[in-house]
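One structure below.
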Amino acid sequence: MSDRASEFDRMMNPWAYGSDGKLTAQAQGQGAARTQIQSADANNGGGGYSVDPAALDAAAADAEQINCRLGGECQSADDKMAAVSGGLSGFGLGAACKDASTTWDQQILALNKVIGGLAQNLRTTAQNYRAAESAAANGLQG
Numbered sequence: 001m002s003d004r005a006s007e008f009d010r011m012m013n014p015w016a017y018g019s020d021g022k023l024t025a026q027a028q029g030q031g032a033a034r035t036q037i038q039s040a041d042a043n044n045g046g047g048g049y050s051v052d053p054a055a056l057d058a059a060a061a062d063a064e065q066i067n068c069r070l071g072g073e074c075q076s077a078d079d080k081m082a083a084v085s086g087g088l089s090g091f092g093l094g095a096a097c098k099d100a101s102t103t104w105d106q107q108i109l110a111l112n113k114v115i116g117g118l119a120q121n122l123r124t125t126a127q128n129y130r131a132a133e134s135a136a137a138n139g140l141q142g
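The sequence shown stops at residue 142 when you use our numbering, and every number in between is there.
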């Protein structure tokens, strides 16, 4: 079951939807990172899990794309706030707009670091799973 069509997803990933509101072909081709927990099997004991490193890489790419768009979209808001604060410089509202813009910038920078870290962690996790799979395969061949 996919949560791609949720309103939240449309808001966070507008690039993934066409003008008709449906997922684009590119977005349909990308899978979200999913870790599947498997239930216990009566024949082999406990369950396990599987990880798709390609899905982790795709999620990292999505996070990086959101991060890049965040900077551009926020710059537009910053420019508008600067215009308002400059136009109202003699009033208390102008100073308040400038303070709000400064706070906004700090929060966007913090969010940018978090999203960038998330993307890096996803890529590192994918690399670690690939390395573990390779080491396990080499151990079985040796």
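All C-beta atoms, glycine included, are put in the ideal place defined by N, C-alpha and C.
Computed from a predicted structure; not experimentally measured.
For the beta strand (DSSP E) that residue i lies in, which residues bound it at each end?
i: residue 50; result: 49 to 51
The alpha helix (DSSP H) with residue i in it runs from where to where?
i: residue 125; result: 92 to 141
i: residue 9; result: 7 to 12
Looking only at its chain, what residues have a beta carbon closer than 8 Å to the beta carbon of residue i, apart from the 5 residues adjacent to it on each side?
i: residue 70; result: 108, 111, 112 and 115
i: residue 120; result: 60
For residue i, count the other beta carbons within 10 Å of its own beta carbon; 16 or more makes it buried, fewer makes it exposed. Which is it?
i: residue 79; result: exposed
i: residue 68; result: exposed
In chain order, what residues of the same chain lie with their CB nearer than 7 Å to the CB of residue i, ignoring the 5 residues before and after it?
i: residue 98; result: 85
i: residue 64; result: 119
Hey, how far is the Cα of residue i from the Cα of residue j?
i: residue 145; j: residue 117; result: Outside the displayed span of the chain (1 to 142) sits residue 145, for which this structure offers no information.
i: residue 21; j: residue 105; result: 31 Å
i: residue 24; j: residue 62; result: 14 Å
Comparing the CB of residue i with every heavy atom of the ligand GTP, is any distance shorter than 7 Å?
i: residue 112; result: Absence of the ligand GTP from the depicted structure is noted, as is the absence of any ligand whatsoever, leaving it without description.
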